[in-house]
Ligand SMILES: Nc1ncnc2c1ncn2[C@@H]1O[C@H](COP(=O)(O)OP(=O)(O)OP(=O)(O)O)[C@@H](O)[C@H]1O
Ligand SMILES: [Mg+2]
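Protein chains in written order, with the working numbering: chain A, 20 to 381; chain B, 315 to 568.
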């Protein structure tokens with residue numbers, strides 16, 4: 020029995036990977052054959068970034084059970100650190116692929132380091148306090164990035180928080196110009212890379228959740244006191260989940276930032292943090308596939324609704340409310356359960372397993 | 315000569331001005347089945363909290379196998395070999411029954427984070443061993459058929475048993491059970507008594523249990539301590555203590 024059910028969770032994950040790959044195949048074909056409006060084509064990379072953000076935030080909110088409102092802050096760190104790297108090495112590293120690979124690692128690692136630094140003090144807090152502090156963190160990061168001036172010349176790098184504090188020689192080049200941000204960013208992000216990153220994120224998160232460490236994290240979520248009496252190191256596992264979550268937010272930030280030639284902090288404010296949280300809540304806490312679907316629908320929807328101009332936000336809100344009701348109403352969930360393909364498949368499987376058991380008994 | 319597994323010396327704690335427990339002395343030998351009884355609010359659960367590091371004592375100390383455990387964190391005390399259940403059940407309710415026990419196995423079956431993410435052979439080998447061990451423990455409580463249920467969906471009596479299975483998974487030397495029969499019907503209580511005896515005999519376990527059900531206490535505990543207003547009222551062989559007029563008076567009140 021146990022092996023049967025373990026296969027079931029693996030099968031569920033495989034379905035998710037499969038759906039992502041099918042999505043990729045369809046839209047990549049549409050994009051290359053020119054059947055996709057350029058508006059939607061432009062959405063492909065952001066969708067991947069939002070999916071990664073939603074899945075990684077779900078690790079903090081759904082799996083660890085802590086409310087974080089600063090996910091865009093980690094995205095911001097990933098975006099800025101990787102863009103600085105890409106601009107600084109634009110001339111030296113000739114291979115776009117290698118440079119972007121390094122940029123992704125740098126974006127993820129920098130965000131993860133910040134995750135650890137701020138996680139150590141704040142993970143002692145819980146509930147509303149944690150939400151407030153993460154919100155503040157996100158805004159602080161955004162505001163710091165907004166006043167950074169970074170440039171380099173033959174003498175090396177210069178960093179300042181005022182225009183005048185960075186004095187470059189003749190051959191110098193500015194990377195970050197305060198509120199003006201960065202420009203001429205190499206547009207290294209592609210839909211293909213985005214999908215690969217989505218798959219990597221899913222692989223890590225699924226396997227993490229279904230492992231010794233993931234169980235420890237979920238035990239803390241379900242009952243902190245029981246978890247520590249059972250020998251689970253609360254701080255260690257909270258920090259671990261939070262750091263992995265930050266790492267992937269940094270990766271998403273890198274992906275997102277390298278999709279445009281200009282980088283400013285505007286995108287990385289609390290509105291984005293809340294939007295990502297909405298994906299997670301509507302997709303179902305702890306439900307990774309739900310996060311993906313919610314991120315997809317809610318990213319595409321506002322664009323589709325552009326045609327309805329003034330009714331756009333109205334329709335958007337109605338969809339939000341409808342998804343919320345659908346997710347929280349036991350009656351609707353009951354209907355969903357009853358008619359889901361999964362259930363029908365399970366019933367068949369159970370019948371088959373029963374048959375096998377009987378055979379064994381003989 | 316048998317050796318003391320648990321020894322408390324003048325253990326006590328006050329909350330503000332209130333002395334919840336004071337001068338608590340208790341010696342439990344290896345393999346004993348020991349009862350801790352007393353009226354509501356006597357301080358029984360508080361003693362469990364002191365022994366498991368949830369509270370730090372304001373006086374006295376406790377030793378397990380000759381090592382001082384008071385002052386250590388709950389995680390350290392668990393690793394030292396004290397496991398417990400809770401009066402108000404505390405399961406990991408959104409995990410399966412099997413996974414609840416596997417969390418208990420966490421410190422005894424290890425593989426690294428990367429083994430888990432990259433699914434190395436070590437991951438599969440360890441997980442398999444964990445599943446086997448967990449199912450073996452669940453079988454003791456006749457819970458193996460519900461292994462894949464969510465813990466929250468178990469009936470009340472089974473939830474209590476699952477908590478014991480989870481505690482046993484940490485491979486403790488001393489098992490603390492806080493009102494294990496609370497909310498159980500007479501049939502379930504009878505099964506539970508058999509389970510507790512079985513654990514003691516098969517796992518060589520030492521068990522300290524809090525219980526209001528006197529049938530259970532007199533049925534399985536060799537010795538008891540009676541607590542009243544945070545102090546020891548009587549201590550000794552179960553039948554004798556339960557017939558002590560002072561104990562009867564404390565229970566019935568005046
Ligand atoms: N954290 C705390 N803060 C303040 N007072 C506490 C605390 N924990 C326990 N107490 C007090 O200590 C006393 C003993 O409580 P305890 O829970 O140990 O009783 P008990 O013997 O387990 O009772 P019951 O049979 O009802 O479970 C009570 O008066 C309780 O109010
Ligand atoms: Mg109590």
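Cβ coordinates follow ideal geometry from the N, Cα and C atoms, glycine included.
Just so you know, these numbers come straight off a predicted model, no measurement behind them.
Spatial distance of residue 199 (chain A) from residue 258 (chain A) (CA atoms): 34 Å
Cα-Cα separation, residue 187 (chain A) to residue 66 (chain A): 38 Å
Residues that residue 407 (chain B) contacts on chain A, provided the C-beta gap is smaller than 8 Å: 241, 242
Start and end residues, alpha helix (DSSP H) containing residue 147 (chain A): 147-165
DSSP bridge partner residues for residue 546 (chain B) (one or two, in chain order): B:541
Interfacial residues, the region 106-122 of chain A to chain B, with Cβ spacing under 9 Å: none
CB-CB length for residue 164 (chain A) against residue 284 (chain A), believed under 8 Å: 5 Å
Beta-carbon neighbours of residue 199 (chain A), restricted to chain B and to distances below 7 Å: Here the premise fails: no neighbours, minimum Cβ distance about 40 Å.
Residue from A:53, A:75, A:57, A:58 with nearest C-alpha to residue 223 (chain A): A:75
Segment contact flag, the region 472-483 of chain B with the region 394-401 of chain B, C-beta cutoff 8 Å, min 3 pairs: yes
Run of the alpha helix (DSSP H) containing residue 138 (chain A), from where it starts to where it stops: 115-141
Pocket of ligand 1 (residues with CB nearer than 5 Å to any heavy atom), chain order: B:329, B:334, B:354, B:355, B:356, B:357, B:358, B:359, B:360
Proximity test, Cβ basis, 8 Å: residue 378 (chain A) and chain B: Legend: pLDDT at residue 378 (chain A) = 49, less than 50; position of this residue unreliable, value from coordinates given subsequently. No, its Cβ sits nowhere closer than 8 Å to a Cβ of chain B.
Coarse secondary structure for residue 349 (chain B), derived from DSSP in three states: strand
Whole-Å CB distance - residue 541 (chain B) paired with residue 356 (chain B), under 8 Å assumed: 4 Å
Same chain, Cβ closer than 7 Å to residue 371 (chain B), neighbours up to 5 away in sequence not counted: 325, 326, 327, 364, 384
Neighbourhood of residue 539 (chain B) by C-beta distance below 7 Å, restricted to the same chain and skipping five residues each side: 340, 350, 546, 549
Selection from A:244, A:39, A:275 that minimises the alpha carbon distance to residue 366 (chain B): A:244
Proximity to residue 162 (chain A) [Cα-Cα], best of A:34, A:261, A:209, A:289: A:289
Touching by the beta-carbon criterion (3+ pairs, under 8 Å), the region 420-436 of chain B and the region 230-238 of chain A: yes
DSSP three-state assignment for residue 55 (chain A), whether helix, strand or coil: coil
Boundaries (first-last residue) of the beta strand (DSSP E) holding residue 444 (chain B): Residue 444 (chain B) -> not in any beta strand (DSSP E); alpha helix (DSSP H) instead, spanning 435-454.
Nearest-angstrom Cα separation, counted from residue 63 (chain A) out to residue 47 (chain A): 9 Å
Chain A residues whose Cβ lies nearer than 9 Å to that of residue 454 (chain B): Within chain A, no residue comes near residue 454 (chain B); the closest Cβ sits about 17 Å away, beyond 9 Å.
Members of the region 372-398 of chain B near chain A, C-beta cut-off 8 Å: 387, 388, 389, 392, 393, 397, 398
CB contact check: residue 421 (chain B) to chain A, cutoff 8 Å: yes
Cα-Cα separation, residue 323 (chain A) to residue 71 (chain A): 22 Å
Spatial neighbours of residue 448 (chain B) in its chain, beta-carbon cut-off 6 Å, leaving aside the 5 residues before and after: 412, 415, 416
Residue range of the unbroken alpha helix (DSSP H) whose run includes residue 240 (chain A): 231-241
Test item: CB-CB of residue 491 (chain B) and residue 521 (chain B) under 8 Å: yes
Below-8 Å beta-carbon distance, residue 260 (chain A) vs any chain B residue: no
Cutoff 8 Å: residue 497 (chain B) Cβ touching any chain A Cβ: no
Continuous alpha helix (DSSP H) assignments of at least 4 residues falling wholly in the region 44-92 of chain A: 57-60, 63-77
Where residue 281 (chain A) falls: helix, strand or coil (DSSP): coil
is_contact[residue 249 (chain A), chain B] using C-beta, thresh 8 Å: yes
Residue-level contact to chain A via CB, residue 431 (chain B), 8 Å cutoff: yes
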